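Asks: Dropping a structure here in structure tokens format, bear with me for questions.
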Amino acid sequence: MRQMFLLICMIVFFPMVLAVESEKDSQYHDVVEGAIANTGFNGTVLISKDGRVVFHENIGFSDDDRKTLISNKHLFCPGSVGKEFTTISIMQLVEQGKLSYEDSIAEYLPDFPSWARNVTVEHVLTHTSGLPKVKWEKYIDTSDVIKQIKNSTLAFEPGNNYLYSNLNVILRALIVEKVTGDTYSSFAKEFIFDVAGMTDSYFQVDANNLSKLKVTGDYPTAVNGVTLYVTPLDLLKFETALRGSLLLPIEKIKKALPGDKLSGKPNRAYFDFGRFYNDKHGSIVYWEHDGSNPSHHTIKHSDFENNYTIILMSSDGNKSTLYKIRDALKIHLGKNNSVET
């Protein structure tokens, strides 16, 4: 039944959502050009409005020598935006009744230190586990990060504070593997990529097998559930699948947004979905997630009132340019500026 539902959704929904009305509409081109003037922007701007791609422009080069123009097939690292994939994976397994948010991670990772008994699935979804930050190094892989986790001392009692850490993200991937008996990348392909129609993106798990389509400027790693490369169009497909209830009922995702009391940021989503903003009646106005790695930057911005999505991905190391583009497009697209950002 689930497979039939997904098939119907993909047949009916995706041709409508991803139909291209105009890839380089002059009105959006002029807005973008004004925002990026004298910034050295190198990346992609993608806009979907009312279920149609209305603007898709690649600007700049994929290589250090500036010889290869960025194409629709080139890959960016979305940074923290990629955390949504492991978040959705855990939520899907909960929806299927295969685990609970209240479960101790020790049930799935019994060889972890004794502190794991006090860390729940919910803690690793909300960065309240107490795990420290990853110690990054070039070409760090999954085994290196697992060693870091096992040698970690919790910074606080789980559930009592907030510390944003990618160690939580790899724990999610490891839990998915334990529950399903499959690799995380295989699970993500079947239950996220294939469902959303993402055909050009992948999780990097082998530091010796790097895609030649990656845009230069990322920090090379191969960490399970963390190292993700996507095309901007695939990221839009993922966002479309989120909003279209293809991966989970959208109301289940919306219920996972409020509840954070520990990060000090009232609009931070409780689960790992970035930021969200409601109107005075409590209805969602828009949500947004940004990420970096380290010269690759991403903003994924969806407006629910005006029904548009903006995907911005760059490799020039200047994240502020993405916010300039976003702000200019929000005004042009009729964003309700009464909502504080």
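Residue numbers (mature numbering (1 follows the signal peptide of the UniProt record, and there is no 0)): -19 to -1, 1 to 322. We put the CB at the ideal spot given by N, CA and C, even for glycine. In this text the structure is predicted, and so the values were computed from the model without any measurement.
1) Can you tell me whether Ser264 is buried or exposed, with buried defined as 16 or more other CB within 10 angstroms of its CB?
2) Got a sec, what are the start and stop residues for the beta strand (DSSP E) residue 325 sits in?
3) Determine contact between the segment 197 to 204 and the segment 292 to 303, defined as no fewer than three beta-carbon pairs at a distance below 8 Å.
4) Quick check: the Cα distance between Val35 and Val26, rounded to an integer number of angstroms?
5) Under the DSSP definition of a beta bridge, which residues are partnered with Leu293?
6) For Glu65 versus Phe184, is the C-beta spacing smaller than 8 Å?
7) By Cβ distance below 7 Å, which residues in the same chain neighbour Val12 in space, the five residues on each side in sequence not counted?
8) Which residues mark the beginning and the end of the beta strand (DSSP E) in which Phe219 is found?
9) Have a look at Lys261, Asp260 and Asp284 and flag the residue whose alpha-carbon is nearest the alpha-carbon of Trp268.
10) Around the Cβ of Glu2, are there at least 16 other Cβ atoms within 10 angstroms (buried) or fewer (exposed)?
11) What's the C-alpha gap between Gly78 and Asn19?
12) With DSSP as the reference, label Thr49 as helix, strand or coil.
13) Output yes or no for whether 8 Å exceeds the beta carbon distance between Val105 and Leu135.
14) Hey, could you find the ends of the beta strand (DSSP E) Arg33 is sitting in?
15) DSSP three-state call for His270: helix, strand or coil?
16) Hey, could you find the ends of the alpha helix (DSSP H) Asp11 is sitting in?
17) Report, in whole angstroms, the separation of the C-beta atoms of Phe57 and Val211, which I expect to be a contact under 8 Å.
18) Pick out whichever of Tyr258, Gly272 and Ser276 has its Cα sitting closest to the Cα of Glu286.
19) CA-CA distance, Tyr82 and Asp125?
Replies: Let me spell this out:
1) exposed
2) What is shown of the chain runs -19 to 322, which leaves residue 325 out entirely.
3) yes
4) 11 Å
5) Val26 and Ile280
6) no
7) Ala309, Leu310 and His313
8) Phe219 -> not in any beta strand (DSSP E); alpha helix (DSSP H) instead, spanning Pro213 to Arg224.
9) Asp284
10) Interpretation of Glu2 is limited by its pLDDT of 38, a score under 50 that renders its predicted location unreliable; no figure is taken from the coordinates.
11) 52 Å
12) coil
13) no
14) Arg33 to Ile40
15) strand
16) Ser7 to Ile17
17) 7 Å
18) Tyr258
19) 27 Å
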